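Visitor: Protein chains in written order, with the numbering used here: chain C, 1 to 460; chain F, 461 to 940.
(1) Please state the DSSP three-state secondary structure of residue 397 of chain C.
(2) Which whole-angstrom value is the C-beta distance of residue 322 of chain C and residue 342 of chain C, which I expect to be below 8 Å?
(3) Check this for me: beta carbons of residue 728 of chain F and residue 914 of chain F, under 7 Å apart or not?
(4) Cutting at 6 Å between CB atoms, please list the residues of its own chain near residue 168 of chain C, excluding the five before and the five after it.
(5) Tell me the DSSP secondary structure of residue 500 of chain F in three-state form.
(6) Does DSSP classify residue 176 of chain C as helix, strand or coil?
(7) Could you give the C-beta distance for residue 100 of chain C and residue 73 of chain C, rounded to a whole number, given that I count them as a contact under 8 Å?
(8) Pick helix, strand or coil for residue 416 of chain C, following the three-state DSSP scheme.
(9) With a threshold of 6 Å on Cβ separation, who are the neighbours of residue 611 of chain F within its own chain once the five nearest residues in sequence on each side are excluded?
(10) If you measure from the beta carbon of residue 474 of chain F to each beta carbon in chain C, is any gap under 7 Å?
(11) Give me the chain C residues within the contact set of residue 549 of chain F, using Cβ-Cβ distance strictly less than 7 Å, ordered along the chain.
(12) On the criterion of 16 or more Cβ atoms from any shown chain inside 10 Å, does residue 218 of chain C qualify as buried, or is it exposed?
(13) Looking at the C-beta of residue 374 of chain C, does it have a partner C-beta in chain F at a distance below 7 Å?
(14) Can you tell which of F/519, F/500, F/539 has the C-alpha that lies nearest to the C-alpha of residue 469 of chain F?
(15) With a threshold of 16 other CB atoms inside 10 Å of the CB of residue 752 of chain F, please say whether the residue is buried or exposed.
(16) Would the beta-carbon of residue 496 of chain F fall within 7 Å of that of residue 596 of chain F?
(17) What are the partner residues of residue 380 of chain C, as DSSP defines its beta bridges?
(18) Could one say the Cβ of residue 916 of chain F lies closer than 7 Å to chain C's Cβ atoms, at least one of them?
(19) Taking Cβ-Cβ distances shorter than 8 Å, what residues in chain C pair up with residue 645 of chain F?
(20) What whole-angstrom Cβ distance do residue 742 of chain F and residue 698 of chain F have, given they're in contact under 8 Å?
(21) Compare the C-alpha of residue 936 of chain F against each of F/760, F/864, F/909, F/919 and name the closest.
(22) Between the Cα of residue 412 of chain C and the Cα atoms of C/189, C/455, C/210, C/173, which residue gives the shortest distance?
(23) Rounded to whole angstroms, how far is the Cβ of residue 175 of chain C from the Cβ of residue 124 of chain C, which I believe are closer than 8 Å?
(24) Establish whether the CB of residue 470 of chain C and some CB of chain F are separated by less than 7 Å.
(25) Answer yes if the segment 47-55 of chain C comes into contact with the segment 504-518 of chain F, meaning at least three C-beta pairs across the two stretches below 8 Å, and no otherwise.
(26) Taking contact to mean at least 3 C-beta pairs separated by less than 8 Å, is the segment 80-93 of chain C in contact with the segment 141-160 of chain C?
(27) Below 7 Å between beta carbons: does that hold for residue 251 of chain C and residue 347 of chain C?
(28) So, helix, strand or coil for residue 331 of chain C, using DSSP?
(29) Of all Cβ atoms in chain F, is any one closer than 7 Å to the Cβ of residue 267 of chain C?
(30) Output, in chain order, the set of chain C residues within a Cβ distance shorter than 8 Å of residue 854 of chain F.
(31) Since residue 189 of chain C contacts residue 406 of chain C with CB under 8 Å, what's their CB separation in whole angstroms?
(32) Would DSSP call residue 908 of chain F helix, strand or coil?
(33) When you compare the CB positions of residue 192 of chain C and residue 143 of chain C, do they come within less than 7 Å of one another, or not?
(34) Could you check the C-alpha separation between residue 486 of chain F and residue 735 of chain F for me, to the nearest Å?
(35) Comparing alpha-carbon positions, which option in F/559, F/536, F/917 lies nearest residue 473 of chain F?
(36) Does the beta-carbon of residue 565 of chain F have 16 or more other beta-carbons within 10 angstroms, so that it is buried, or is it exposed?
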């Protein structure tokens, strides 16, 4: 079924994502007719028709829908420009009046700002559209299936999010880019007691009862493993296996300023030692921004397209940057379509040689870490990070799970974890959609293998 | 405009919900301006204007919401229908069957001494240019920036039982940053992180000396380059207010949120080491610890007249003389838990439903002067301005880092140290509180970015704190 036939449940008749794309196109065309002199207008649209159901103990905490469309306008004349965002109603008369008022306001403001030496925007007139359709389930179906999964001893907590999400770019020069997809995501944890829980996610385009049931059964198996007396480990160094979700969190903290050109040129990157002292990671570590393999739009807010892949670290050596148009102009290099914050949206780490099957035997005796939590820098310049273990974390003895482990705080550098101490990466990289929804549902994703580490340092 | 919307909201709110029925529309309109000057270049001016409405319907034992930016009569009617549909399909499945909510009438407005509109954009940019010039004073300072943002938010909540609450907020967010580098050593010093924000107009800049801060920030960034790493060991710790706010936030604020205690956040932000049986008896800290929930402090970041369920704001002690008194939970959580709470049901905007949040969460001042706090320390470290925060999902094992440290030796501040951090356990850390600064050390601050909830929400909270001293804390520095 197409999203036009099945907008987010309860969505108003005629208010489909297809309509939004046309509406955006027509609104910018109309606004172009109200420009004066040599003005250029660039515009973005980001929005969603989403359903959210929040669960606690298998019951509904909050359930509802969100319909939002944020229009961004950048009004340019020469090298002067000012920008604004506004929320669209999708009522033509109201929105046109708002756009007109905003353009007037931006013109007045523009007279008071100096020329921007780093202003750059796409002057193309290319038109692209990527639409991913889906067969999203009815909310009642999800409520029923989650209720069934939460029956018995399982204490299920989490969030179901589903619906259409869309991003657009348009300019008065004729360029149009549109990306939309209809997806669902159930991000949940099943709790045994206190903080002992199994974490799982089921996300995609078409809900499949059997696939969901398989994931629920995996959670139940992990709960059985958690139902043993937990042990507390003393601070120190331990051999560990990091599940892909745990390794993703380490990559995400590295990516907090790690790969942007601006953070490198201003010496704020946490990977500073890689560029100033030639420090290298393990030769099996290759990390890229892989737009072709992700879910994020292949264009950014100034209208530049993103290449399929930008290799950031190749075989342990730092090789590339994410370069926004503004940084590119400031530092005199070609941009590669990065967003203004120059962080990856579709981070991809190449798998390694370790068979995923049998990883417990490879681990031998040590910690099996399902998830990490709340990472931050202990010493940013040294890429030393700290964080907690969370959810399914176990002590393994001679290849056998012995007991769940009470939460531990690690404090170690990326150069240890992915350098000297890295034994190897697993042969399968797991694709993980980002379930976050600050401001709106994220289109970010990660594809990451697991990692076996000879020694990870724990401090508390 | 508001009168038109009020009539429109009242006309679409359902009146046929029956016993236990309740409906509201919470309208939020927000306008903001963001300015910054980086390395002498005025950055693109960022304006935003958004408006939308959240419809909430309790009916037949179910609860539904629908948020829309379509504020036309038909758009609102559609949202009401959608919220009713959600209430219908969740009937009997929710955590609470009937709304413990009231139909409140009232209003609130931020105190503003010097309105933003009294200055021109040119004047504001000139102010930032001057600060920016004072930051970039040495070739080792490789990046620097001065910023200023202002936001005006108007909210209106109309209920189907005659409730009507309007609130008008104005807030100002100043920032300064200097980043210095030598080789593989980069040090950043800021104007209190983002803590020196508050409700009000241009006068917010004067509360913490914005116009005089840049030279000190630049000098300290350079000073950190040649400073030794903070030593590792157990020692006394003296925290400045702009680090105390993080300590309060993470290890008192979040653990006392009642929705966390009830388990709502276990899949995301986490649970709490605090359990319902602890209220009234649990020793959270030393006798010196007094913590209030106080959304009535004039000019603090999260002051208001009513929370987003319409509950009137009131000051309450959460911890008194070290003993835990009550959690932070709004009416819905209070009804679920059977505990007294506070007026803290808050939503970040029109597109998210309210939940339990901190508002202004303050450590009350004590009786010691800054000199007294320092002079009694044989060996310790004084820390300013948070730059790293991490805590476990039960809000217990924490590790925090700061921008700037000064060693204390034999009762005197001696030399600067870089990359200072400390770690501890919430349940025992506050019991090591051995000195609380007096009112002269007390600062009213806030943070604009507290994240929580599913779907995720980021919201402003306020914190006020004096300088505080803790005994025997595990302290460390950075990698050599």
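We put the beta carbon where it would ideally sit given N, CA and C, even for glycine.
Bear in mind the structure is a predicted one, so any value in this text is a computation, not a measurement.
Guide: Inspection of the coordinates gives the following:
(1) Along the first chain, read from residue 1 onward, the residue named residue 397 of chain C stands at position 397. Three-state result, residue 397 of chain C: strand.
(2) Along the first chain, read from residue 1 onward, the residue named residue 322 of chain C stands at position 322. Along the first chain, read from residue 1 onward, the residue named residue 342 of chain C stands at position 342. Contact holds; Cβ gap of about 4 Å.
(3) For the purposes of this step, residue 728 of chain F is taken as residue 268 along the second chain, with counting starting at 1. For the purposes of this step, residue 914 of chain F is taken as residue 454 along the second chain, with counting starting at 1. Yes.
(4) Looking up residue 168 of chain C in the first chain gives position 168. Excluding positions up to five away in sequence, the list reads 24, 45, 178.
(5) Mapped onto the second chain, residue 500 of chain F falls at position 40. Coil.
(6) Taking the first residue of the first chain as 1, we reach residue 176 of chain C at position 176. In the structure shown, residue 176 of chain C sits in a strand (DSSP, three-state: E or B).
(7) The residue you call residue 100 of chain C lines up with position 100 of the first chain. The residue you call residue 73 of chain C lines up with position 73 of the first chain. With 8 Å as the limit, residue 100 of chain C and residue 73 of chain C do not qualify as a contact, their Cβ atoms being about 11 Å apart.
(8) Reading the first chain from its first residue, position 416 is the one you call residue 416 of chain C. Reduced to three states, the DSSP call for residue 416 of chain C is helix.
(9) What you label residue 611 of chain F is simply residue 151 of the second chain in a count that begins at 1. Excluding its 5 nearest sequence neighbours in each direction, residue 611 of chain F has C-beta neighbours in its own chain below 6 Å: 492, 631, listed in chain order.
(10) Working through the second chain from its first residue, we reach residue 474 of chain F at position 14. Not an interface residue.
(11) Within the second chain, the letter at position 89 stands for residue 549 of chain F. The contacting residues are 139, 140, 143.
(12) Walking along the first chain from the start, residue 218 of chain C turns up at place 218. Here residue 218 of chain C is exposed. Its C-beta has fewer than 16 other C-beta atoms within 10 Å.
(13) Here residue 374 of chain C refers to the residue found at position 374 when the first chain is read from its first residue. Closer than 7 Å: yes.
(14) Within the second chain, numbered from 1, the residue matching residue 469 of chain F stands at position 9. Checking every option, the nearest Cα to that of residue 469 of chain F belongs to F/539.
(15) Here the question's residue 752 of chain F lines up with position 292 in the second chain. So residue 752 of chain F counts as buried.
(16) Counting from one through the second chain, the residue named residue 496 of chain F turns up at place 36. Counting from one through the second chain, the residue named residue 596 of chain F turns up at place 136. No, these two residues do not count as a Cβ contact at 7 Å.
(17) The sequence position of residue 380 of chain C within the first chain is 380, counting from 1. Answer is none; residue 380 of chain C lacks a bridge partner.
(18) Walking along the second chain from the start, residue 916 of chain F turns up at place 456. By this cut-off, residue 916 of chain F is an interface position.
(19) In the second chain, residue 645 of chain F corresponds to position 185, counting from 1. Ordered by position in chain C, the residues that pass the 8 Å Cβ test against residue 645 of chain F are 381.
(20) The residue given as residue 742 of chain F occupies position 282 in the second chain. The residue given as residue 698 of chain F occupies position 238 in the second chain. Here residue 742 of chain F is actually not in contact with residue 698 of chain F; their C-beta atoms are around 26 Å apart, not less than 8 Å.
(21) Reading the second chain from its first residue, position 476 is the one you call residue 936 of chain F. Minimum Cα distance to residue 936 of chain F is reached at F/864.
(22) For this step, residue 412 of chain C is matched to residue 412 along the first chain. Closest by alpha carbon: C/455.
(23) In the first chain, residue 175 of chain C corresponds to position 175, counting from 1. In the first chain, residue 124 of chain C corresponds to position 124, counting from 1. Rounded, the Cβ-Cβ distance is 5 Å, consistent with contact.
(24) Summary: the structure shown does not reach residue 470 of chain C, with chain C confined to residues 1 through 460, and so no result is reported for it.
(25) no
(26) Touching, no.
(27) Looking up residue 251 of chain C in the first chain gives position 251. Looking up residue 347 of chain C in the first chain gives position 347. Cβ distance < 7 Å, so residue 251 of chain C and residue 347 of chain C count as in contact.
(28) Taking the first chain and counting its residues from 1, one reaches residue 331 of chain C at position 331. DSSP places residue 331 of chain C within a helical segment (H, G or I) once states are collapsed to three.
(29) Within the first chain, residue 267 of chain C is the residue found at index 267, counting from 1. It does; some Cβ of chain F falls within 7 Å.
(30) As a working mapping, residue 854 of chain F is identified with position 394 in the second chain. Here the neighbours are 194, 195, 407.
(31) Residue 189 of chain C sits at position 189 when you count from the first residue of the first chain. Residue 406 of chain C sits at position 406 when you count from the first residue of the first chain. With a Cβ gap of about 17 Å, residue 189 of chain C and residue 406 of chain C do not count as contacting.
(32) In the second chain, the residue the question calls residue 908 of chain F occupies position 448. Three-state result, residue 908 of chain F: strand.
(33) The count along the first chain starts at 1 and reaches residue 192 of chain C at position 192. The count along the first chain starts at 1 and reaches residue 143 of chain C at position 143. It is not a contact, given that the beta carbons lie outside the stated cut-off.
(34) Start at 1 with the first residue of the second chain, and residue 486 of chain F comes out as number 26. Start at 1 with the first residue of the second chain, and residue 735 of chain F comes out as number 275. One Cα belongs to residue 486 of chain F, the other to residue 735 of chain F, and the distance between them is close to 32 Å.
(35) Working through the second chain from its first residue, we reach residue 473 of chain F at position 13. Answer by Cα proximity: F/536.
(36) For this step, residue 565 of chain F is matched to residue 105 along the second chain. Flag for residue 565 of chain F reads exposed.
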